[in-house]
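Reviewing the structure listed below.
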Amino acid sequence: MKQYLRSTIVWAIALSAVAVFYLSIYNAFTKDVETVRKIFENYPPAFRAALGFHLDIFFTLNGFYLFIFGIVLLVGAVQAANLGVGIISKEAAGKTFDFLLSKPITRTKMITSKVTAALALLAATNIVYITIVLFAANAVSKGDFEVKKFVLISLTLFLVQLMFFVIGLFISALVPKIKSPISVSLPLVFAFYIIGALDTIFGKNVRYLTPFKFYDLTYIIKNGAFETKFLLLEAAFLIIVTGAVYYLYNKKDIPAVD
Amino acid sequence: MNVIETKKLTKYYGKDRGIIDVDMSVEEGEIYGFIGPNGAGKSTTIRTLLGLIYPTRGSAKVFDKDIILSGPEIRQEIGYLPSEVFYYDDMKVIDLLKYSASFYKKDQKIIKKRIKEFAELLDLDLKKKIDDLSYGNKKKVGIIQGLLHEPKLIILDEPTGGLDPLIQQKFFNLLKEENKNGATVLFSSHILSEVQKICQRVAIIKEGKIIRVQKISELLENNYKRFKLDTAANVSKEYFAGIKGISDLSVSDGSVNFLYRGRINDITKKIAALNLKNMLVEEPSLEEIFLHYYK
């Protein structure tokens with residue numbers, strides 16, 4: 001847990017640093033609106049969409065935040081997937097499953113305590129992140145800053161992280177031995193990221209294929225709320241996948257160490 | 259009462275054999291040996307009893323409770339020491355033992371006292387980090403974490419690897435003490451002499467099946483030794499042929515090699531008549547014994 005706490009601090013700082021860095025150049029971007037607009041208009045629409053660049057709202061603080069939020073999501077997804085892949089499989093990799101599971105606890109309890117700890121770490125990451133970016137956004141805003149929408153967009157990070165976390169958990173339950181979680185979580189996250197960039201092929205349905213596109217951030221900017229349908233869909237997804245994780249771990253043979 | 263009772267306990271790993279129809283009864287208060295060559299199924303049986311793996315068929319009860327339905331309840335009273343011990347490297351020994359103790363519904367003061375006593379007996383520094391310990395010292399941590407909660411059943415899977423003879427002796431004395439205080443012990447090993455030292459009964463497992471259950475007194479009558487003789491003059495094979503208890507006999511260029519089971523006096527009388535240059539009497543490996551006596 002100590003080790004995870006240390007890495008969580010690093011992740012939270014990394015996420016915040018990315019956002020703060022980009023927010024710090026917001027004013028430079030908006031100084032000469034027309035020039036920037038012209039530059040981006042020359043890019044193909046698909047490329048603009050892949051970058052998260054929306055011409056109509058880009059020059060507001062929240063619109064600019066959307067532009068940088070893709071990178072934040074990417075970093076956050078790696079953290080969550082890594083945590084999901086590693087938090088239980090670490091016991092197998094460290095060969096400590098025998099020690100832990102020969103104790104008088106059920107596997108369900110063991111999983112619950114680990115999942116709870118991981119969720120607490122993700123929540124802590126998001127609290128730190130949101131606090132820091134709120135300060136940064138306040139500092140650079142020119143009165144066009146809507147706190148509620150800004151927070152909702154930021155909360156998307158947590159929601160997307162939850163999906164990556166359970167996908168990571170699921171993989172760890174399926175694969176017998178994972179020596180290095182990052183070797184699984186990085187390709188996993190990049191695969192979903194690439195799927196997200198292929199919306200020219202999948203069209204709007206791409207949001208059902210990758211957590212990166214699951215939440216329509218422009219909807220939040222326009223309506224100041226999440227789409228209820230997608231919140232429910234995510235809840236169902238989390239319940240089903242987590243249920244499968246409990247089932248798989250409860251049925252699993254713990255191989256002898258060699 | 260039987261502390262462990264298995265009925266036709268069977269485990270396959272896919273198509274590979276683990277154990278087949280294992281029937282085992284370990285009575286309360288006994289030190290029960292479980293012996294067999296590597297890969298015979300000892301660990302598979304033990305891991306099934308602990309709920310680390312699930313049986314393919316058959317059933318097992320510990321303290322008269324089903325191992326699958328009552329796993330955590332059963333493990334509350336089990337102390338387990340595996341052959342290879344792995345713990346959290348970044349933890350201090352004392353923190354690991356406290357963490358281990360936290361799982362048990364026992365008086366933590368008594369546990370703390372036992373940890374201190376065992377650490378002194380085994381000469382283990384509780385303040386060291388697990389990562390800094392030698393293999394033998396990690397094994398000592400294993401012994402303490404297995405015994406700290408006064409378990410009613412102690413399960414040991416090849417426990418002595420890495421322990422020097424002095425610590426081994428202390429460990430055996432500790433086990434005998436725990437046994438005197440009411441603990442039942444299941445002691446798995448592939449070293450016959452080890453089991454002979456401490457156990458009262460022994461089950462012999464080969465290729466996944468229990469082939470014999472013997473009292474240790476019966477087993478001691480079968481005193482297995484490997485003899486290696488260097489003689490000044492060549493000895494004919496016939497000299498030893500026909501002696502009861504000799505097997506795997508080979509004679510060549512003044513060198514005689516055989517496996518013997520029986521009264522030592524009988525064979526030494528026969529050997530004394532030879533002009534010996536050197537003589538070596540060794541503990542045969544279990545594989546050798548199995549190869550020649552438990553076909």
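Chains as they are written, first to last, in the working numbering: chain Z, 1 to 258; chain V, 259 to 553. Each residue gets a CB set at the ideal place from its N, CA and C atoms; glycine is no exception. What you are looking at is a predicted structure, and each value in this text was computed from that prediction instead of being measured.
Runs of the alpha helix (DSSP H) lying entirely within the stretch 420 to 506 of chain V and spanning at least 4 residues, in chain order: 423 to 438, 450 to 456 and 474 to 479. The beta carbon of Asp324 of chain V lies closer than 8 Å to those of Ser317 and Ala318 in the same chain, with the five residues before and after it left out.
CA-to-CA, the gap between Leu73 of chain Z and Asn205 of chain Z works out to about 19 Å.
Within the stretch 302 to 316 of chain V, the residues whose Cβ lies closer than 9 Å to some Cβ of chain Z are Thr302, Arg305, Leu308, Gly309, Leu310, Ile311 and Tyr312, listed in chain order.
Taken through DSSP and simplified to helix, strand or coil, Arg333 of chain V comes out as helix. By the CB criterion at 7 Å, Phe192 of chain Z and Phe212 of chain Z fall inside the cutoff. In the three-state reduction of the DSSP assignment, Lys179 of chain Z falls in the coil class. Contact between the stretch 239 to 257 of chain Z and the stretch 304 to 312 of chain V is present: 3 or more CB-CB pairs across the two stretches fall below 8 Å. For Tyr345 of chain V, the chain Z residues whose Cβ falls inside 7 Å of its Cβ are Thr96 and Phe99, in order along the chain. By the C-beta density criterion, Met259 of chain V is exposed, having fewer than 16 other C-beta atoms within 10 angstroms. In terms of Cβ geometry, Leu432 of chain V and Val284 of chain V do not form a close pair [threshold 7 Å]. Here the alpha carbons of Ile456 of chain V and Leu379 of chain V stand approximately 19 Å from one another.
Gln334 of chain V reaches chain Z at Pro104, counting residues in chain order whose Cβ is nearer than 7 Å. Taking C-alpha positions only, Gly420 of chain V is separated from Ala235 of chain Z by approximately 51 Å. Below the 7 Å Cβ cutoff, chain V contributes Ser301 and Arg305 as neighbours of Ala256 of chain Z, in chain order.
In the three-state scheme derived from DSSP, where H, G and I count as helix and E and B as strand, Tyr338 of chain V is classed as strand.
Here the stretch 119 to 131 of chain Z does not lie against the stretch 352 to 367 of chain V, with fewer than 3 beta-carbon pairs under 8 Å apart. Between His407 of chain V and Tyr338 of chain V, the C-beta gap is not smaller than 7 Å, which leaves the two residues out of contact. For Tyr338 of chain V, the closest Cβ of chain Z is nearer than 7 Å. Asp511 of chain V sits exposed, since fewer than 16 C-beta atoms from the chains shown fall within 10 Å of its C-beta. Spanning the alpha carbons of Lys364 of chain V and Glu331 of chain V requires a straight line of approximately 13 Å.
In the DSSP assignment, Lys300 of chain V falls within the alpha helix (DSSP H) that extends over Lys300 to Leu307.
Residues of chain V with a Cβ closer than 8 Å to the Cβ of Gln3 of chain Z are, in chain order, Asp348.
The beta carbon of Asn27 of chain Z sits closer than 8 Å to those of Val140 and Lys142, all from its chain and outside the five residues before and after it, given in chain order. In the structure shown, Asp348 of chain V falls within a coil segment according to DSSP collapsed to helix, strand and coil. Note that the C-beta distance between Asp415 of chain V and Ser446 of chain V is below 7 Å. Under the DSSP assignment, Ala318 of chain V falls in the beta strand (DSSP E) whose first and last residues are Arg315 to Val320. By the Cβ rule, the stretch 59 to 79 of chain Z counts as touching the stretch 155 to 168 of chain Z, because three or more pairs are nearer than 8 Å. By alpha-carbon distance to Ala118 of chain Z, the top candidate from Z:Asp98, Z:Leu169, Z:Val189 and Z:Thr228 is Z:Leu169. A check of alpha carbon separations from Val509 of chain V across V:Ala531, V:Asp524, V:Gly520 and V:Phe485 identifies V:Phe485 as the nearest.
The contact set of Pro542 of chain V on chain Z, defined by CB atoms closer than 9 Å, is empty, because the minimum CB distance reaches about 26 Å. One alpha carbon belongs to Ile262 of chain V, the other to Thr489 of chain V, and they sit about 51 Å apart. For the pair Gly297 of chain V and Ile463 of chain V, the CB atoms are not nearer than the 7 Å cut-off. Considering only beta carbons, the part of the stretch 361 to 385 of chain V lying closer than 9 Å to chain Z consists of Phe361, Tyr362 and Lys363, in chain order.
Taking C-alpha positions only, Leu517 of chain V is separated from Gly500 of chain V by approximately 13 Å. Look at Thr112 of chain Z here: in three-state DSSP terms it is helix.
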